[in-house]
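Notes follow the structure.
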Amino acid sequence: MMAGSDLLPHGALKGVKVLDLSRILAGPTCTQLLGDLGATVIKVENPKTGGDDTRQWGPPYVADADGNRSDLSAYFMAANRNKRSVAIDIAAEGGQQAIRRLAAEADILIENFKPGGLAKYGLDYTSLKDDFPGLIYCSISGYGQTGPNSHKPGYDIMAQGFGGIMSLTGEPDGQPMKTGVGIADVMCGMYACIGILSALHHREKTGEGQQIDLALVDAQIAWLINEGTAYLNTAQTPKRRGNEHPSIMPYGVYKTSDGHVILAVGNDSQFQRFMEFLKLEGLAEDPRFATNPARLQNRDALNGVLIPSVQRFTTEEVLAAMEARKVPAGPVQDLQTLFATDQVAARNMAISMDSAAGPVKLLGNPLNFSRTPVTYRHAPPVCGEGTEEILDASDPFGPS
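Numbering (our numbering), first residue to last: 27 to 426.
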């Protein structure tokens with residue numbers, strides 16, 4: 027959060043009401059972001075199953091004051107702050123009535139049931155749109171509301187596999203590899219947030235709500251970025267390259283005498299300065315390596331020289347030399363090292379909140395506004411924490 031007297035005490039979405047019927051990661055990522063931006067978010071959870079699936083995805087968990095395990099797993103907490111939890115059984119008629127009452131007050135409803143899964147409860151978009159014409163209804167599913175795979179469930183690793191990113195990730199001779207976190211889910215949640223904000227803008231001009239149909243696999247395909255576009259234009263299937271780049275050389279992780287360093291040599295002048303440090307100036311003039319296209323064509327030959335040369339130096343020596351020469355380079359940090367850095371502290375990327383189960387530590391929101399700051403109002407809730415208060419209130423969304 028930026029400091030200054032011009033900051034308002036709330037986010038840009040203050041007054042926007044979100045009814046969250048989603049669970050696990052993609053939908054909750056979206057609604058947490060909306061909540062951070064000031065929206066009031068009510069998270070609906072199934073009391074029969076103990077709430078969101080990720081409440082059981084542990085350890086680790088937060089322990090309460092008596093040392094007992096709460097239902098706040100680290101996984102759940104990663105995507106569920108700035109929400110209030112209400113336990114509602116949507117399979118029961120009373121639960122369906124409660125959802126419709128909340129939907130009548132909401133600006134946005136987000137759900138990630140299988141396509142058609144909410145129709146039997148009268149809570150799908152078709153069943154609600156005439157009664158609530160201004161409602162923005164965001165549906166997230168594995169493969170979308172249409173298409174031959176629409177009936178199939180979707181999890182992050184399945185989206186990464188079907189959507190091609192695993193074929194590009196991992197060592198060249200290793201097995202296809204997913205990323206270390208559920209990035210397909212997270213990116214889908216971000217696309218959902220962008221779609222919802224666009225639909226809000228349209229509603230401001232026209233009064234019309236609409237449905238947003240978003241597939242985990244579609245979102246995954248969309249962020250294949252340069253590799254996806256390269257294939258479409260060449261019909262050549264790209265190969266796994268580990269940490270190396272398909273279009274830049276040298277670019278990747280190099281072993282030093284005491285660890286590893288990242289080098290991202292983006293142009294020929296940077297390459298020349300890098301070679302000066304390694305005392306290999308002749309390589310910068312060698313036709314095989316003088317330009318980036320030539321270096322890509324002769325990748326193996328260049329690495330045959332660079333790998334042993336970089337290994338003569340410590341990580342700190344390489345980093346200091348590259349900074350002095352204005353060649354992009356960086357460390358490979360574990361999380362202990364990362365969260366101890368002054369940079370994390372300066373950017374407020376680790377925060378603390380008081381939950382019903384006890385103090386919790388969370389990742390910060392990366393958005394910094396000069397006028398409408400991100401706010402942290404509600405710690406991740408225990409399941410059903412706000413049920414009675416919300417359902418008995420004349421205004422269930424109440425203050426944000």
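Heads up, the beta-carbon is just placed ideally off N, CA and C, and yes, glycines get one too.
The DSSP assignment places 119-131, 151-154, 182-188 as complete runs of the alpha helix (DSSP H) inside the stretch 104-191, in order along the chain (cut-off: 4 residues). Beta-bridge pairing by DSSP links Met203 to no other residue.
Ranked by how close their Cα comes to the Cα of Asp326, the residues Arg373, Asp360, Tyr277, Ala372 have Tyr277 in first place. Between the stretch 215-226 and the stretch 159-172, the count of C-beta pairs closer than 8 Å reaches three or more; the two stretches touch.
A Cβ-Cβ contact shorter than 7 Å links Phe303 with Ala347. The beta-bridge partner set that DSSP reports for Ser99 consists of Tyr87.
Residue state for Asp62 is assigned as helix, using DSSP reduced to three classes.
For Ala355, the uninterrupted beta strand (DSSP E) run begins and ends at 355-357, by DSSP. Nearest neighbour of Pro354 by Cα position, chosen from Asp368, Gly330, Arg299, turns out to be Arg299. Taking every protein chain shown into account, the CB of Asp368 has fewer than 16 other CB atoms within 10 angstroms, so this residue is exposed. Rounded to whole angstroms, the Cβ separation of Val88 and Val386 is 6 Å, and the two are in contact under 8 Å.
Put simply, the backbone Cα of Ser96 is about 9 Å away from that of Arg81. Fully contained in the stretch 219-256 are the following beta strand (DSSP E) runs of length 3 or more, in chain order: 236-241. Between the alpha carbons of Ala372 and Phe395 lies a distance of about 15 Å. In this chain, the beta strand (DSSP E) harbouring Met379 covers 376-381. By the Cβ test, the stretch 126-137 is not in contact with the stretch 195-206, since fewer than three Cβ pairs between them sit closer than 8 Å. Counted as a single uninterrupted DSSP element, the beta strand (DSSP E) harbouring Gly278 occupies residues 277-281.
Separation of Asn329 and Ala320 (C-alpha to C-alpha, rounded to the nearest whole angstrom) is 13 Å. Within a 10 Å sphere around the beta-carbon of Arg397 sit fewer than 16 other beta-carbons, which makes this residue exposed. Under the three-state reduction of DSSP, Asp284 is assigned to coil, being neither helix nor strand. Between Lys178 and Gly168, the gap from beta carbon to beta carbon is short of 7 Å. About 11 Å separates the beta carbons of Thr55 and Asp182, which is beyond the 8 Å limit, so they are not a contact pair.
Arg266 has its alpha-carbon roughly 38 Å from the corresponding atom of Gly61. Taking the Cα of Asn374 as reference, the smallest distance to any Cα among Leu393, Gln359, Gly356, Glu71 is reached at Leu393.
Listed in chain order, the non-local C-beta contacts of Glu270 below 6 Å within the same chain comprise Gly278, local neighbours out to five positions each way being set aside. Between the alpha carbons of Ile288 and Leu33 lies a gap of roughly 38 Å. In the structure shown, Asp360 falls within a coil segment according to DSSP collapsed to helix, strand and coil.
Taking Asp79 as reference, the option from Ala105, Gly424, Val243, Asn391 with the minimal CA-CA separation is Ala105.
If you look at Pro334, you'll find it in the alpha helix (DSSP H) that goes 325-336. Take Leu149, set aside five residues on each side of it, and the residues of its chain with a beta-carbon closer than 6 Å to its own are Ile125, in chain order.
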